[in-house]
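So the sequence lines, in the order shown, correspond to chains P and F. Read in order, the letters of the first sequence correspond to residues 717 to 1230 in the working numbering. Read in order, the letters of the second sequence correspond to residues 235 to 460 in the working numbering. Quick reminder that beta carbons are idealized off the backbone N, C-alpha and C, glycines included. Right, one structure below, let's go through it.
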Amino acid sequence: MAPDAVGAVVRDQQIVAVSRAARAAGVRAGMRRRDAQARCASLILVEHDPARDARRFEPVVRALSELVPVVEVAEAGTVLFGARGPSRWCGGDSALAERVHRLAAGALGELLALVDGIGVGVADGRFAASVAAHRSVHAGQPVLIEAGKDTTAHALASVGVRALVQIAGLPAELTGLLERLGVTRLGELAALPRLDLGERFGPNGIFAHRLASGEDDRHPEVRAPSPDLAVGNEFEEPVLQLGPLVFAARHLADQLYERVAARGEVCTRLLVEAETEHGERSDRQWYLNGGLSAAAMVERVRWQLEGWVNQPGGLSAGVVLLRLTPDEVLPAQGRQLGFWGEASDADEQAARTITRLVGLLGPDAVCVPEWRGGRHPGDRYRWVSATSTDIADRAARVRAVAVSEHPWPGGIAAPSPAWILDPPLAVQVLDADGAAVRVDGRGAVSGAPSTLLLTGASSAVTVADWAGPWPTDEHWWDPARRRRRARFQLLSDRGEAFLVSLEQGSWWLEGRYS
Amino acid sequence: MAQGLADRVRPLSLARERVLPVHSALAEVFPEGGLRRGTVVGCQGQAAWSTALALAAGPAQAGSWVGLVGLGSRWGLSAAAEWGVALDRVLSVPTVETAQLPTVLAAVADGVDLVVTTGAGVRAGDARRIATRLGQRGGVLLVLGDPGGFVPDVVCSAVTTSWTGLHGGCGRLTARRVRFEVSGRRVDRPRHADLWFPGPAGTPSRVQTEVDSNTRRPSVRLASAG
């Protein structure tokens, strides 16, 4: 995407991120795809792809690791690190913040023009520092919050409670309820008695209060894992390619996940270390609120190593060591196997199967369905590569929210064809006189379909009954993507039903009601 | 450890562990009320794909995963959702080279309870090995259309008898009636049912026999003798 492009990232029909130019055009995160396109017809939409984000963000992380030995990546776009040491070395927090800003800007290069800016915040703890960094984006300069509980609470007081969801990962129901109760700012939340919050909202309420009061923002149950959990692999033959490294990581992640799970815990922060024969190192911490599954660990190792192995200039020698160390663990919740080990067991096993198949056939060989929405049976869901999605988040991925809430006008009602032809197959539909059936601009049919000729198969299908046309005119605002189609259902004399469409004089077989 | 303990204290195999559940309208047609684990099931007839969707819905809702091998993007996901297949438990290997097909089928069969594929490109020897693997692992393989090298233990055949909803240019397809037959070497005698597949409400159900059932009964007797 060009630096001045009007672009946005879309996930589940919702805009999740916008470029600076798109923001100027009135597009905002949280909008529905169609609303955004209505605001700005030339909007370039790209699908949400965490792997791509991680790849593009890698130079920034690499640039920062010159300054800080180990940085923690929460998601692509956000890095956290302990500032005390580097700050002393740089000569103070503000000098450090400016240095970080410079390094990140240099690493982003021309991508910088796409984003609103780089925010750098220094504060006590992950939460306050992230809030400071967000504020810094708009302020245009680093935001420092002085150390100490009271100063932190004071600085957070004017922040909306929604930050608890966006930054600390607390459930949205909590803040939704708080807002309805009239508590909209963290300062107001901090002023409430903590015990009452605990009574009303449980542990999350207490945790939220602690964050708002500027106290320790680690999840209360987070603990340091026992040191013998680390798993590693020393390669006798130095490895230069990414494939075998990821393959090795897969075994390590499985092992680690099982060891941690056997103690009833999940790993929320993972340290991934790799070293080459010549002593070049890549150390990263990866953080995920709810804990990392084995597949999520492999994914993060892949992101890290991909950027490292493919960095400009490349590595001078093969990798000889790969080690995964759990850094923080949480007691596992709701992931416990049933006594007979069914449901969640099946999910873990399926995730392992996917990993194995990917190792066998390549990263894009395995697909899972994702809900997308659309008028045509083949559009409503689509297949996405299993490695590019978080398997643990499956339920959210396929939920068809819009089916009940926002119906697609012009869609054909159920039942849908069980057999989809994608791409569609060219066919011919003839009327009783043997002439091709046409539809005029007003939707009138030139003659009743009586024969369906499947290209390739010599036998003609006799049409016993039919319905249609159902015209659709999609993307009419964009000449390049505009599609006008008229669809028909045809029923053969042998009881087979077909979904066919007519587009610019050509007939296509789109599906069979097999 | 929990798994080891579970294995040790498990007194006998429960019915639901031997059989994958299917939709209640179909359950009566199957000798054991569902798909017996470790078997190869053929889906044939005009409604073969819908049969596979209907058979996948029960296990997927009960927490099993469904793995599709070599079906490209032909598996209608909208239809699958309508039939009740939990799409968050579906994975697909759309295209597989023939040489790798047995390996991929075995790998998928190792990890999921229900595997769906077409018989094309699998030789009898490989098919036997995969069937053995299924037997050990307790999965079920659905083979769409021509079984190729596979020898189905159970064959489900769904022949369309009528579609309703179309009226010479008007209406739309709403419901279908099929004659559903379960036969094969693991079934002592062929079993039949007349089903709405799907019915006007979108789900499969038994066709309620009219009060005068004389016309129907002989045909059942005739078929079960054959």
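### Message
Can you pull the chain F neighbours of Q664 (chain P), defined as C-beta to C-beta under 8 Å?
### Response
The requested residue 664 (chain P) is not part of the displayed model; chain P covers only 717 to 1230.
### Query
Can L368 (chain F) and V303 (chain F) be called in contact, C-beta distance under 8 Å?
Along the second sequence, one-based indexing puts residue 368 (chain F) at 134. Along the second sequence, one-based indexing puts residue 303 (chain F) at 69. Going by C-beta atoms, L368 (chain F) is not nearer than 8 Å to V303 (chain F).
### Task
Run the CB neighbour count on P1028 (chain P), radius 10 Å, all protein chains shown included, and call it buried at 16 or more, exposed below.
In the first sequence, the residue the question calls residue 1028 (chain P) occupies position 312. Exposed.
### Task
Taking S809 (chain P) as part of the alpha helix (DSSP H), name the residues at either end of that continuous run.
Walking along the first sequence from the start, residue 809 (chain P) turns up at place 93. It should be pointed out that residue 809 (chain P) corresponds to Asp in this sequence rather than to Ser. D809 (chain P) -> alpha helix (DSSP H) spans 809-824.
### Query
Does the separation of the CB atoms of T394 (chain F) and A281 (chain F) fall below 8 Å?
For the purposes of this step, residue 394 (chain F) is identified with residue 160 of the second sequence, where counting begins at 1. For the purposes of this step, residue 281 (chain F) is identified with residue 47 of the second sequence, where counting begins at 1. Yes. Within cutoff.
### Where the beta strand (DSSP E) through S396 (chain F) begins and ends
Along the second sequence, one-based indexing puts residue 396 (chain F) at 162. Looking at the DSSP string, the run of the beta strand (DSSP E) that includes S396 (chain F) is 388-401.
### Task
Grab me the residues of R425 (chain F)'s own chain with a C-beta within less than 6 Å of its C-beta, minus the 5 sequence neighbours each way, in chain order.
Numbered from 1 along the second sequence, position 191 holds the residue referred to as residue 425 (chain F). V263, V416, listed in sequence order.
### Task
Express the C-alpha separation of V734 (chain P) and P775 (chain P) in angstroms, rounding to a whole number.
Your numbering for residue 775 (chain P) matches position 59 in the first sequence. Your numbering for residue 734 (chain P) matches position 18 in the first sequence. When rounded, the distance between both Cα atoms is 21 Å.
### Query
So which residues of chain F does Q1205 (chain P) contact, with C-beta pairs closer than 8 Å?
Mapped onto the first sequence, residue 1205 (chain P) falls at position 489. What Q1205 (chain P) touches in chain F: L400, R406, L407.
### Query
With which residues is T794 (chain P) paired in a DSSP beta bridge?
As a position in the first sequence, residue 794 (chain P) is number 78, starting the count at 1. Listed as beta-bridge partners of T794 (chain P) by DSSP are P:E791.
#### Entry: chain F contact residues for C1083 (chain P), given Cβ-Cβ distances below 8 Å
For the purposes of this step, residue 1083 (chain P) is taken as residue 367 along the first sequence, with counting starting at 1. Per Cβ cutoff of 8 Å: L325, S326, V327, P328.
### Query
Taking only runs of the alpha helix (DSSP H) that begin and end inside the region 293-325 of chain F, which ones reach a length of at least 4 residues, in chain order?
Taking only runs of at least 4 residues, the alpha helix (DSSP H) segments lying wholly in the region 293-325 of chain F are 311-317.
### Query
Whose C-beta lies closer than 8 Å to the C-beta of E316 (chain F) among residues of the same chain, with five residues either side of it excluded?
Taking the first residue of the second sequence as 1, we reach residue 316 (chain F) at position 82. Result list for E316 (chain F): P432, G436, in chain order.
### Query
Could you give the distance in angstroms between the alpha-carbon of V947 (chain P) and the alpha-carbon of L897 (chain P)?
Taking the first sequence and counting its residues from 1, one reaches residue 947 (chain P) at position 231. Taking the first sequence and counting its residues from 1, one reaches residue 897 (chain P) at position 181. It is roughly 48 Å from the alpha-carbon of V947 (chain P) to the alpha-carbon of L897 (chain P).
### Query
What span of residues does the alpha helix (DSSP H) with P960 (chain P) cover, start to end?
Taking the first residue of the first sequence as position 1, residue 960 (chain P) is located at position 244. Counting along the chain, P960 (chain P) sits inside the alpha helix (DSSP H) bounded by residues 958-978.
### Message
Taking the alpha helix (DSSP H) that W805 (chain P) belongs to, which residues open and close that run?
### Response
For the purposes of this step, residue 805 (chain P) is taken as the residue at position 89 of the first sequence. 800-806 is the span of the alpha helix (DSSP H), which, as asked, contains W805 (chain P).
### Task
Decide yes or no for the touch test of the region 756-771 of chain P against the region 799-811 of chain P: beta carbon pairs closer than 8 Å, at least 3 of them.
The way I'd put it, the region 756-771 of chain P doesn't touch the region 799-811 of chain P; fewer than three beta-carbon pairs between them come closer than 8 Å.
### Query
In three-state terms, what does DSSP make of T984 (chain P)?
Within the first sequence, numbered from 1, the residue matching residue 984 (chain P) stands at position 268. T984 (chain P) falls in the strand class under three-state DSSP.
### Message
Is there a Cβ of chain P sitting closer than 8 Å to that of Q280 (chain F), yes or no?
### Response
Taking the first residue of the second sequence as 1, we reach residue 280 (chain F) at position 46. With 8 Å as the cut-off, Q280 (chain F) counts as an interface residue toward chain P.
### Task
Report yes if the CB atom of A939 (chain P) is closer than 8 Å to the CB atom of H925 (chain P), and no otherwise.
For the purposes of this step, residue 939 (chain P) is identified with residue 223 of the first sequence, where counting begins at 1. For the purposes of this step, residue 925 (chain P) is identified with residue 209 of the first sequence, where counting begins at 1. A quick correction: the sequence has Arg, not Ala, at residue 939 (chain P). Here R939 (chain P) is not near H925 (chain P), since their CB atoms are 8 Å or more apart.
#### Entry: Min CB distance L902 (chain P) to chain F below 8 Å
On the first sequence, residue 902 (chain P) is found 186 positions in, with the first residue counted as 1. No, because no Cβ of chain F sits closer than 8 Å to the Cβ of L902 (chain P).
### Query
Straight-line CA distance for R916 (chain P) to R1228 (chain P)?
Reading the first sequence from its first residue, position 200 is the one you call residue 916 (chain P). Reading the first sequence from its first residue, position 512 is the one you call residue 1228 (chain P). Distance between the alpha carbons of R916 (chain P) and R1228 (chain P): 54 Å.
### Query
Of the residues P:A1130, P:V1153, P:L1168, P:A1196, which one's Cα is nearest the Cα of G310 (chain F)?
Residue 310 (chain F) sits at position 76 when you count from the first residue of the second sequence. For the residues P:A1130, P:V1153, P:L1168, P:A1196, the minimum Cα distance to G310 (chain F) belongs to P:A1130.
#### Entry: Bridge partner(s) assigned by DSSP for A884 (chain P)
Stepping through the first sequence from its first residue, residue 884 (chain P) is reached at position 168. In the DSSP output, where bridge partners are listed per residue, A884 (chain P) has none listed.
### Query
Looking only at C-alpha atoms, which of P:E996, P:H994, P:R997, P:M1013 sits nearest to Y1003 (chain P)?
Counted from its first residue, the first sequence places residue 1003 (chain P) at position 287. Comparing Cα positions, the closest option is P:M1013.
### Message
Quick check on DSSP: helix, strand or coil for Q730 (chain P)?
### Response
As a working note, residue 730 (chain P) is residue 14 in the first sequence. Three-state DSSP puts Q730 (chain P) in a strand.
### Exposure label - G276 (chain F); buried when at least 16 CB within 10 Å
For the purposes of this step, residue 276 (chain F) is taken as residue 42 along the second sequence, with counting starting at 1. Looking at its Cβ environment, which holds 16 or more other Cβ atoms inside 10 Å, G276 (chain F) is buried.
### Task
Closer than 9 Å by beta-carbon distance: list the chain P residues that pair up with A341 (chain F), in chain order.
Walking along the second sequence from the start, residue 341 (chain F) turns up at place 107. By Cβ distance, chain P contributes T1069, R1072, L1073, L1076.
### Query
At what residues does the alpha helix (DSSP H) containing F1204 (chain P) begin and finish?
By 1-based counting over the first sequence, the position of residue 1204 (chain P) is 488. It is not in any alpha helix (DSSP H) - F1204 (chain P) instead sits in the beta strand (DSSP E) that spans 1199-1208.
### Query
For G959 (chain P), which of P:V1025, P:R1201, P:I1136, P:A879 has the nearest alpha-carbon?
Walking along the first sequence from the start, residue 959 (chain P) turns up at place 243. If we check each option's Cα against that of G959 (chain P), P:V1025 comes out closest.
### Task
Compare the C-alpha of H1191 (chain P) against each of P:S758, P:A741, P:A721, P:R727 and name the closest.
Sequence index remark: in the first sequence, residue 1191 (chain P) carries index 475 (1-based). Distance from the Cα of H1191 (chain P) is smallest, within the candidate group P:S758, P:A741, P:A721, P:R727, for P:S758.
### Message
Only counting the same chain, and skipping five residues up and downstream in sequence, which positions put a Cβ closer than 6 Å to that of V816 (chain P)?
### Response
Within the first sequence, residue 816 (chain P) is the residue found at index 100, counting from 1. Counting only Cβ-Cβ distances below 6 Å, and skipping sequence neighbours, we find V836.
### Message
Considering only the alpha carbon of each residue, which of F:A354, F:R270, F:P434, F:D344 lies closest to L409 (chain F)?
### Response
On the second sequence, position 175 is the one that residue 409 (chain F) refers to. First, the amino acid is wrong: residue 409 (chain F) is Ala here, not Leu. Answer by Cα proximity: F:P434.
#### Entry: Pair within 8 Å by beta-carbon distance, V374 (chain F) and D347 (chain F)
The residue you call residue 374 (chain F) lines up with position 140 of the second sequence. The residue you call residue 347 (chain F) lines up with position 113 of the second sequence. Taking 8 Å as the Cβ cut-off, V374 (chain F) and D347 (chain F) qualify as a contacting pair.
### Query
Do we get a CB-CB distance below 8 Å when we pair Y973 (chain P) with the residues of chain F?
As a first step, residue 973 (chain P) must be located in the first sequence, where it is residue number 257. Put simply, the CB of Y973 (chain P) is far from chain F, with every gap to its CB atoms at 8 Å or more.
#### Entry: Selection from P:D1181, P:N949, P:R1088 that minimises the alpha carbon distance to S396 (chain F)
Here residue 396 (chain F) refers to the residue found at position 162 of the second sequence. That would be P:D1181, whose Cα lies nearest to the Cα of S396 (chain F).
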